[in-house]
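Mapped onto my numbering, the consecutive letters of the sequence shown carry residue numbers 5 to 275.
Backbone N, C-alpha and C define an ideal beta-carbon position, used for all residues, glycine too.
Model, not experiment: these values are computed from the prediction.
Notes follow once the structure below has been shown.
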Amino acid sequence: MRKICCAALLLLSFKTLFAGRFDRNANDSINYFSSFDGTRIHYTVKGNGEPVILVHGFMGSGDSWPATPLYDSLLQHGFRVITPDLRGNGASGHPHDSLAYAQDAEARDIIGLARHLQLPAYKVVGYSRGSIIAARLLVLDPRVTCAVLGGIGTGFTDPAWPRRLKFYEALSGKDVPELAAMVKNVQAKGLDQRALALMQWGQPATVPSELAKVQQPVLVIGGDKDEDNDTGGPLAAMMPRGMHGTVAGDHNSVMRSTHFAAWVVDFLIKH
Numbered sequence: 005m006r007k008i009c010c011a012a013l014l015l016l017s018f019k020t021l022f023a024g025r026f027d028r029n030a031n032d033s034i035n036y037f038s039s040f041d042g043t044r045i046h047y048t049v050k051g052n053g054e055p056v057i058l059v060h061g062f063m064g065s066g067d068s069w070p071a072t073p074l075y076d077s078l079l080q081h082g083f084r085v086i087t088p089d090l091r092g093n094g095a096s097g098h099p100h101d102s103l104a105y106a107q108d109a110e111a112r113d114i115i116g117l118a119r120h121l122q123l124p125a126y127k128v129v130g131y132s133r134g135s136i137i138a139a140r141l142l143v144l145d146p147r148v149t150c151a152v153l154g155g156i157g158t159g160f161t162d163p164a165w166p167r168r169l170k171f172y173e174a175l176s177g178k179d180v181p182e183l184a185a186m187v188k189n190v191q192a193k194g195l196d197q198r199a200l201a202l203m204q205w206g207q208p209a210t211v212p213s214e215l216a217k218v219q220q221p222v223l224v225i226g227g228d229k230d231e232d233n234d235t236g237g238p239l240a241a242m243m244p245r246g247m248h249g250t251v252a253g254d255h256n257s258v259m260r261s262t263h264f265a266a267w268v269v270d271f272l273i274k275h
């Protein structure tokens with residue numbers, strides 16, 4: 005495992021991050037495909053080069069990515085950038101059947117999207133919960149040539165991860181004081197609380213024995229001030245070709261940092 009450390013960075017303002025030179029247009033929002041169970045999955049595609057699928061985090065959507073330096077940098081370096089809305093999020097379908105989020109449904113959606121787009125191979129970048137889904141892609145889809153897992157530690161490798169169970173309980177209406185602010189935020193934003201709860205209920209685990217068999221190169225990258233996750237070193241160590249990067253910032257700021265973008269693009273170019 006190689007250790008990549010990055011010095012302190014100057015965080016960009018949220019307003020500046022929206023001022024990328026690669027603006028999306030109306031045509032970016034008309035792409036849908038019907039997944040394995042009929043759920044409609046919305047996605048956007050920008051660029052014409054080697055494909056990279058970006059997998060957003062919890063309570064996010066594909067729209068989380070264009071506001072980041074990574075999105076513009078990938079386009080500048082000639083990649084084809086694909087941003088799906090995971091089921092239950094954004095403009096994709098929001099099934100309320102608990103089974104709709106079980107048995108790797110979200111990873112199967114992305115595998116179906118890659119098939120729909122006729123991708124013989126692709127790279128994948130996940131952040132936060134998106135990394136949990138990206139880890140499943142490493143296990144399930146041999147077309148994945150390499151991956152970046154950002155903003156995640158080893159907790160998700162436990163099928164009975166206490167944090168996942170607490171999120172499910174809180175979003176299902178149980179009183180979980182430490183997550184009360186999160187639930188209020190979901191309600192204030194008008195997000196689909198039922199779908200979010202079911203995502204936690206059906207969220208997959210990739211156990212250490214599975215990660216030990218991953219042969220693709222994987223960069224695990226996290227923030228030095230991420231209070232909910234370690235910086236990713238222990239997770240990277242579980243994989244034969246795992247690499248570890250640390251950038252300055254907390255869980256929310258790392259994805260929006262220029263140093264995160266630089267490390268990810270450099271890794272994708274080399275692998």
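Buried or exposed (CB count within 10 angstroms, at least 16 for buried), residue i
i: N189; result: exposed
i: F40; result: exposed
i: S38; result: exposed
i: K7; result: With a pLDDT of only 42 at K7, under 50, the local geometry of the prediction cannot be trusted, and the value read off the model is given with reservation. Under this definition K7 is an exposed residue.
i: K50; result: buried
i: Q191; result: exposed
i: P88; result: buried
i: S135; result: buried
i: A185; result: exposed
Straight-line Cα distance separating residue j from residue i
i: V222; j: P166; result: 26 Å
i: W69; j: F160; result: 23 Å
i: I114; j: S132; result: 17 Å
i: Q80; j: D270; result: 12 Å
i: V224; j: I34; result: 33 Å
i: G246; j: G53; result: 25 Å
i: H100; j: R198; result: 7 Å
i: K229; j: I156; result: 13 Å
i: R119; j: C150; result: 17 Å
i: N31; j: L239; result: Confidence at N31 is low in this model, with a pLDDT of 44, below 50, so its placement is unreliable and the value that follows should be read with caution. Each residue's alpha carbon lies about 38 Å from the other.
i: Y172; j: R112; result: 22 Å
i: A216; j: Y126; result: 21 Å
i: L272; j: L78; result: 9 Å
Same chain, Cβ closer than 6 Å to residue i, neighbours up to 5 away in sequence not counted
i: Q207; result: R168
i: S176; result: A201
For residue j and residue i, believed in contact at Cβ under 8 Å, the rounded distance
i: I45; j: S102; result: Their Cβ separation, rounded to whole angstroms, is 19 Å, which puts I45 and S102 out of contact at 8 Å.
i: P124; j: I86; result: In fact, because the Cβ distance is near 14 Å, the residues do not count as touching under 8 Å.
i: V129; j: L58; result: 5 Å
i: G249; j: S261; result: Wrong, their Cβ atoms sit about 12 Å apart, outside the cutoff.
i: Y66; j: T48; result: The question names Tyr, yet the displayed sequence has Gly at residue 66. Indeed, because the Cβ distance is near 6 Å, the residues count as touching under 8 Å.
i: A104; j: P163; result: In fact, because the Cβ distance is near 19 Å, the residues do not count as touching under 8 Å.
i: G227; j: V251; result: 6 Å
Same chain, Cβ closer than 7 Å to residue i, five either side skipped, listed in chain order
i: E110; result: L90, R91, I137
i: D196; result: G92, H98
Contact set for residue i: own chain, Cβ-Cβ below 8 Å, skip 5 residues either direction
i: K193; result: M63
So within the region 94-150, which uninterrupted alpha helix (DSSP H) runs reach at least 4 residues, ignoring any that extend past its ends? Entirely contained in the region 94-150, the alpha helix (DSSP H) runs reaching 4 residues are, in chain order, 109-120, 133-144.
Any alpha helix (DSSP H) of 4 or more consecutive residues that is wholly inside the region 171-213: Taking only runs of at least 4 residues, the alpha helix (DSSP H) segments lying wholly in the region 171-213 are 184-192, 197-206.
Beta strand (DSSP E) runs wholly inside the region 210-234, at least 3 long, in chain order: Runs found: 222-227.
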